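Okay, structure first, notes after.
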Amino acid sequence: MENQTLLLLTIEATADEEVRAFAEMAAAKNARLICLMLCFPPAYPVSAFGALPYSTPEVSAEWIDELNTSRERMKERADALEAILQAEGTSGDVQVVQCNPIDVRAAVARRALVCDLVFVADSMRSGDADIFHSACYGVLFNSPTPLVINSSRIPTPGRVFVAWDTELPASRAVHAALPILKAAEDVFVCTFDAEANEANNGEDPGTDVAKWLSHHGCQVTVNQYASGGADIAASIERRAQEIGADLVVMGAFGRSRLRQLVLGGTTRSMLHQTETAVFMTH
Numbered sequence: 111m112e113n114q115t116l117l118l119l120t121i122e123a124t125a126d127e128e129v130r131a132f133a134e135m136a137a138a139k140n141a142r143l144i145c146l147m148l149c150f151p152p153a154y155p156v157s158a159f160g161a162l163p164y165s166t167p168e169v170s171a172e173w174i175d176e177l178n179t180s181r182e183r184m185k186e187r188a189d190a191l192e193a194i195l196q197a198e199g200t201s202g203d204v205q206v207v208q209c210n211p212i213d214v215r216a217a218v219a220r221r222a223l224v225c226d227l228v229f230v231a232d233s234m235r236s237g238d239a240d241i242f243h244s245a246c247y248g249v250l251f252n253s254p255t256p257l258v259i260n261s262s263r264i265p266t267p268g269r270v271f272v273a274w275d276t277e278l279p280a281s282r283a284v285h286a287a288l289p290i291l292k293a294a295e296d297v298f299v300c301t302f303d304a305e306a307n308e309a310n311n312g313e314d315p316g317t318d319v320a321k322w323l324s325h326h327g328c329q330v331t332v333n334q335y336a337s338g339g340a341d342i343a344a345s346i347e348r349r350a351q352e353i354g355a356d357l358v359v360m361g362a363f364g365r366s367r368l369r370q371l372v373l374g375g376t377t378r379s380m381l382h383q384t385e386t387a388v389f390m391t392h
């Protein structure tokens, strides 16, 4: 993480202690921390009563006052976060984005393009669900940058659980996480319901990526699990807890995006859970 740029996604309700933990981590690694505070503007009042065709709509004075008040409040909160960064000796800055829900993905993705890792503050879940989901999807779908959830202490884990399959997202995740894997004490390459065949998973699923990681100096163990029909996300969580993993590395949306967004899936379930730290890329 030396000299890396980290992007922390926050909301107004993000506690000082949470931001301070990330600031301490960044300072210890000589990394730059960008705090991006996301918020929605006040709902715009819409009324067609008494309106004439092609007439100019009148903006409510009350709405303008409410908008200005919210901007002042965001500015005060941003100043408070800047003070935390300065107190911890952390290089970085605080940026505020107040936009409509439909624009969150683009706003987050644009900043993620020029960062090395994107962290999501736990408090993002307690706010508007649209902000959390849109922010995560913006990073995963519209940037190449890895997303980390449920952790402020990456990247020096003792044990890393790699949820492996032969899909491109999983391979991208492992490549992106390689510095973390090389620093870890133990790496567990884990497959679920992988069929042993030369065409897809190889004759011994997981051993190919394990050999590659071993050449990089990683201490690797391969575990081949059968889900028994259980939900894969739940199986990943359970197996990661069994081996005492500090971090799960996985590919995101290896299957159809639309299917997972509408019907659910492993990626969506792992984004929703709050107990396991996850490093993922698409």
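So in this note's numbering the end of the sequence shown lands on 392, straight run, no missing numbers.
Where a beta carbon is used, it is the ideal one built from N, C-alpha and C, also for glycine.
Remember, predicted model here, so these are calculated numbers, not experimental data.
Check, Outcome
"Exposed unless 16 or more other CB atoms sit within 10 angstroms - verdict on tyrosine 247", "buried"
"Beta-bridge pairing of valine 129 - partner residues as DSSP gives them", "For valine 129, which the question treats as bridged, DSSP gives no partner whatsoever."
"CB contact below 8 Å: glycine 237 versus chain C", "The question asks about chain C, but that chain is absent: this structure has only one protein chain."
"8 Å contact criterion, which leucine 148 and alanine 245 should meet: CB distance rounded", "6 Å"
"Coil, strand or helix - isoleucine 194 by DSSP", "helix"
"Top-ranked residue by Cα proximity to alanine 286, from Thr391, Asn178, Glu112 and Thr179", "Thr391"
"The stretch 222-239 touching the stretch 192-202, judged by at least three CB pairs closer than 8 Å", "no"
"Limits of the unbroken beta strand (DSSP E) element including glutamine 208", "202-208"
"Reference methionine 360, options Gly338, Leu288, Gln329 and Asn307, closest by Cα", "Leu288"
"C-beta contact flag for alanine 216 and valine 207 at 8 Å", "no"
"Any alpha helix (DSSP H) of 4 or more consecutive residues that is wholly inside the stretch 319-357", "342-352"
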